[in-house]
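Engineer:
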Amino acid sequence: MENLINDVLLGLLMITGFAIVRMKSLLGVTMLTSIYSLLSASLFVVLDAVDVALTEAAIGAGIATVLMVATVALTTDEEKVPRHTPLLPLLVVMATGAALIYGTLDMPHHGDPLAPAHRYVADSYLHDSPVEIGVPNVVTSVLASYRGYDTLGEVTVIFTAAAGVLALLGYRTRGRNIEAAGIRKQVVLRVIAKLFFPLILLFALYVQFHGDYGPGGGFQAGVIFATGFILYALAFGLGTAQRLIPSQLLRILAAAGVLIYAAVGLESMLLGGKFLEYRVLADDPIAGQHLGILLIELGVGITVASVMLIIYYGFVSRRH
Amino acid sequence: MSELLGHYNYWIVIVLMMTGFYIVIARPNLIKKVIGLFIFQTSVFIFFISIAKVEGGTAPIIEEGISVYSNPLPHVLILTAIVVGLATTALGLALVVRIREAYGTINEDDIHVQDEER
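Chains X and Z, in that order, are what the protein sequence lines are.
First residue of the first sequence: 1, per the numbering used here; consecutive thereafter.
First residue of the second sequence: 1001, per the numbering used here; consecutive thereafter.
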């Protein structure tokens, strides 16, 4: 049954992919991309990657779609017919695809428990994590503790991307209340948005602080938190949202999250451990790991949420 | 039969990847190109998560009475890659917006024509 769902979802993904190639309306393509993301999120659940599925659903189907729609609104909806014949690109794609498929023939089968990918570190993470870290969700313990350096780097990349978007699109600290006249009349939309807003934030907090025990963590929580505010901004206008959470505050928060993360690393150095070695943070090593993970996940959550909102504000406050 | 279907996931991933690749090289529209990259990127995510799957395993959240888990490491890599991927996509879209403001078009062919005229 699981395999059947897997195969059907992959088939649907392929159909959506071809539809994206053929469709000329960019707004339609954006909607199809959203469907594509939602389908891949469902596929991730089937493939046991629940944490990844949460992230993909919130990011791909949520925020990425909003950003693409904003870009289409700022540019144009029609795609011109290309001047060149598609023969050469088609040939290149076919040749590359054939070479890649030839390459897969040597790979272990899908789901093979003896595949090299599942030996060595992966095995030791699964065995040692409950003893060394004491956190049931191994994805969280690998993300926040074993590979803490990596994650710090990635949070910094996200922060840099926000700086890049700010540099490109500028920043309007006191945006006019940009609001399509149509949405004011959409009573159902506004009421539902108002009802959902606190629930989404509550869910984000749950995902943030329950990430040690179930699927979740700073990345997912940050994104879900941001979608709550984006929904609010969509229904009530950018100005209202900016009164709730001003742009200047977001800029400080985005930096603060990265700083919290790095500060935890420095603190563990000051206490005699290595950079990001959480077990020295408390008397008991396990308690230290818990404290360290909680703090850095908080830093990640704050940065991710504010970066997503900064990017959203940047796109939406831009006018033609 | 299972010999043939053992790589099914990987082959579909390659088809998706090539779909994205085709959009990037064949379509002159810049938004479409960014979407092509997005599809390409998602196909790589599916590839990693497919590798992580262990037959009969479950999500890597340690629980009494369960002994087979899927591999958590690719999950971690892809989880962060998704967020970073959105950040870079946003940067790409911001560039598209600026290009539109500078050239008045987001069609690559038209942009080349304008560049040559200068």
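Yeah, the Cβ is synthetic: ideal placement off N, Cα and C, and Gly gets one too.
Just so we're clear, the structure is a prediction, and the values are computed from it rather than from any experiment.
Run through the DSSP bridge pairs and tell me what residue 36 of chain X is partnered with.
Structural biologist: Taking the first sequence and counting its residues from 1, the one referred to as residue 36 of chain X is at position 36. DSSP output for residue 36 of chain X lists no bridge partner at all.
Engineer: Does any CB atom of chain X fall closer than 8 Å to the CB of residue 1037 of chain Z?
Structural biologist: Here residue 1037 of chain Z refers to the residue found at position 37 when the second sequence is read from its first residue. No - not a single Cβ of chain X is within 8 Å of the one on residue 1037 of chain Z.
Engineer: Applying a beta-carbon distance threshold of less than 9 Å, which residues of chain Z neighbour residue 37 of chain X?
Structural biologist: To locate residue 37 of chain X, count along the first sequence from 1; it is residue 37. Chain Z residues near residue 37 of chain X: 1038, 1042.
Engineer: For residue 1104 of chain Z and residue 1041 of chain Z, which I take to be in contact (beta-carbon distance under 8 Å), what is that distance rounded to the nearest angstrom?
Structural biologist: Position 104 of the second sequence holds residue 1104 of chain Z. Position 41 of the second sequence holds residue 1041 of chain Z. Not confirmed; about 29 Å, so no contact.
Engineer: Within the chosen definition, does the region 233-242 of chain X reach the region 191-204 of chain X through at least 3 CB pairs nearer than 8 Å?
Structural biologist: Cβ pair count under 8 Å is three or more, so yes.
Engineer: Quick one: what's residue 247 of chain X bridged to in DSSP?
Structural biologist: Position 247 of the first sequence, counted from the first residue, corresponds to residue 247 of chain X. Paired residues: none, contrary to the question.
Engineer: List, in chain order, every chain X residue whose beta-carbon is nearer than 9 Å to that of residue 1007 of chain Z.
Structural biologist: On the second sequence, residue 1007 of chain Z is found 7 positions in, with the first residue counted as 1. Near residue 1007 of chain Z (Cβ distances below 9 Å), the residues of chain X are 101, 104, 105, 107, 109, 110.
Engineer: Taking 8 Å as the cut-off, does the region 286-295 of chain X touch the region 1066-1085 of chain Z (at least 3 CB pairs, one atom from each stretch)?
Structural biologist: Not touching, per the Cβ criterion.
Engineer: Taking 8 Å as the threshold (C-beta atoms), are residue 264 of chain X and residue 303 of chain X in contact?
Structural biologist: Residue 303 of chain X sits at position 303 when you count from the first residue of the first sequence. Residue 264 of chain X sits at position 264 when you count from the first residue of the first sequence. Not closer than 8 Å, so no.
Engineer: Excluding five sequence neighbours on each side, which residues of the same chain lie with their C-beta closer than 6 Å to the C-beta of residue 1047 of chain Z?
Structural biologist: The count along the second sequence starts at 1 and reaches residue 1047 of chain Z at position 47. Once the five neighbours on either side are set aside, the close Cβ partners of residue 1047 of chain Z are 1013.
Engineer: Using a Cβ-Cβ cutoff of less than 7 Å, which residues in the same chain neighbour residue 175 of chain X once the five nearest sequence positions on both sides are dropped?
Structural biologist: Sequence index remark: in the first sequence, residue 175 of chain X carries index 175 (1-based). Legend: pLDDT at residue 175 of chain X = 47, less than 50; position of this residue unreliable, no value from coordinates given.
Engineer: How about residue 175 of chain X: is its C-beta nearer than 8 Å to some C-beta of chain Z?
Structural biologist: Taking the first residue of the first sequence as 1, we reach residue 175 of chain X at position 175. Because the pLDDT at residue 175 of chain X is just 47, under 50, the model does not fix this residue reliably, and the value given afterwards should be weighed accordingly. Answer no: the Cβ-Cβ gap between residue 175 of chain X and chain Z never drops below 8 Å.
Engineer: For residue 207 of chain X, count the other beta carbons within 10 Å of its own beta carbon; 16 or more makes it buried, fewer makes it exposed. Which is it?
Structural biologist: Start at 1 with the first residue of the first sequence, and residue 207 of chain X comes out as number 207. The residue in question, residue 207 of chain X, is buried, as its Cβ has 16 or more Cβ neighbours within 10 Å.
Engineer: Tell me, please, whether the region 108-117 of chain X touches the region 1022-1042 of chain Z by the rule of three or more beta-carbon pairs shorter than 8 Å.
Structural biologist: Because the criterion of three Cβ pairs below 8 Å is not met, the region 108-117 of chain X and the region 1022-1042 of chain Z do not touch.
Engineer: Using DSSP's beta-bridge definition, name the partner residues of residue 78 of chain X.
Structural biologist: Numbered from its first residue, the first sequence carries residue 78 of chain X at position 78. Paired residue(s): X:25.
Engineer: Distance cutoff 8 Å, beta carbons only. Does residue 1113 of chain Z sit that close to anything in chain X?
Structural biologist: In the second sequence, the residue the question calls residue 1113 of chain Z occupies position 113. No, its Cβ sits nowhere closer than 8 Å to a Cβ of chain X.
Engineer: Rounded to a whole number of angstroms, what is the C-alpha to C-alpha distance between residue 99 of chain X and residue 92 of chain X?
Structural biologist: Along the first sequence, one-based indexing puts residue 99 of chain X at 99. Along the first sequence, one-based indexing puts residue 92 of chain X at 92. Straight-line Cα distance between these residues: approximately 11 Å.
Engineer: At the level of alpha carbons, what is the spacing between residue 1093 of chain Z and residue 65 of chain X?
Structural biologist: Locating residue 1093 of chain Z in the second sequence gives position 93, where the first residue counts as 1. Locating residue 65 of chain X in the first sequence gives position 65, where the first residue counts as 1. For residue 1093 of chain Z and residue 65 of chain X, the distance between alpha carbons rounds to 12 Å.
Engineer: Are the C-beta of residue 124 of chain X and some C-beta of chain Z separated by less than 8 Å?
Structural biologist: Looking up residue 124 of chain X in the first sequence gives position 124. No - not a single Cβ of chain Z is within 8 Å of the one on residue 124 of chain X.
Engineer: Could you spell out the range, first to last residue, of the alpha helix (DSSP H) harbouring residue 289 of chain X?
Structural biologist: By one-based count along the first sequence, residue 289 of chain X stands at place 289. Where residue 289 of chain X is concerned, the enclosing alpha helix (DSSP H) stretches over 285-317.
Engineer: Of all Cβ atoms in chain X, is any one closer than 8 Å to the Cβ of residue 1066 of chain Z?
Structural biologist: Translated into positions along the second sequence, residue 1066 of chain Z becomes position 66. Residue 1066 of chain Z does not count as touching chain X.
Engineer: For residue 170 of chain X, count neighbouring Cβ atoms within 10 angstroms of its own Cβ and tell me buried if that reaches 16, exposed if not.
Structural biologist: Position 170 of the first sequence, counted from the start, is the residue given in the question as residue 170 of chain X. That one is exposed.
Engineer: With 8 Å set as the bound, which would you pick, yes or no: does the beta-carbon of residue 1033 of chain Z sit closer than that to a beta-carbon of chain X?
Structural biologist: Translated into the one-based positions of the second sequence, residue 1033 of chain Z becomes position 33. Judged by the 8 Å Cβ criterion, residue 1033 of chain Z is not in contact with chain X.
Engineer: Where does residue 10 of chain X fall in DSSP's three states?
Structural biologist: Position 10 of the first sequence, counted from the start, is the residue given in the question as residue 10 of chain X. If DSSP states are grouped into helix, strand and coil, residue 10 of chain X belongs with the helices.
Engineer: Tell me which residues of the region 1091-1115 of chain Z have at least one Cβ-Cβ distance to chain X shorter than 7 Å, keeping chain order.
Structural biologist: So the close ones are 1091, 1093, 1094, 1095, 1096, 1097, 1098, 1100, 1106, 1107, 1109.
Engineer: Can you tell me which of the three DSSP states residue 133 of chain X falls into?
Structural biologist: In the first sequence, residue 133 of chain X corresponds to position 133, counting from 1. DSSP places residue 133 of chain X in coil when its eight states are reduced to three.
Engineer: Helix, strand or coil: which one does DSSP assign to residue 1058 of chain Z?
Structural biologist: For the purposes of this step, residue 1058 of chain Z is taken as the residue at position 58 of the second sequence. In this structure, residue 1058 of chain Z counts as strand in the three-state DSSP scheme.
Engineer: If you run the structure through DSSP and keep just helix, strand and coil, what is residue 125 of chain X?
Structural biologist: By one-based count along the first sequence, residue 125 of chain X stands at place 125. Three-state DSSP puts residue 125 of chain X in a helix.
Engineer: Listing by chain order, which chain X residues have their CB less than 9 Å from the CB of residue 1055 of chain Z?
Structural biologist: If you number the second sequence from 1, residue 1055 of chain Z lands on position 55. Correct list: 109, 110, 111, 112, 113.
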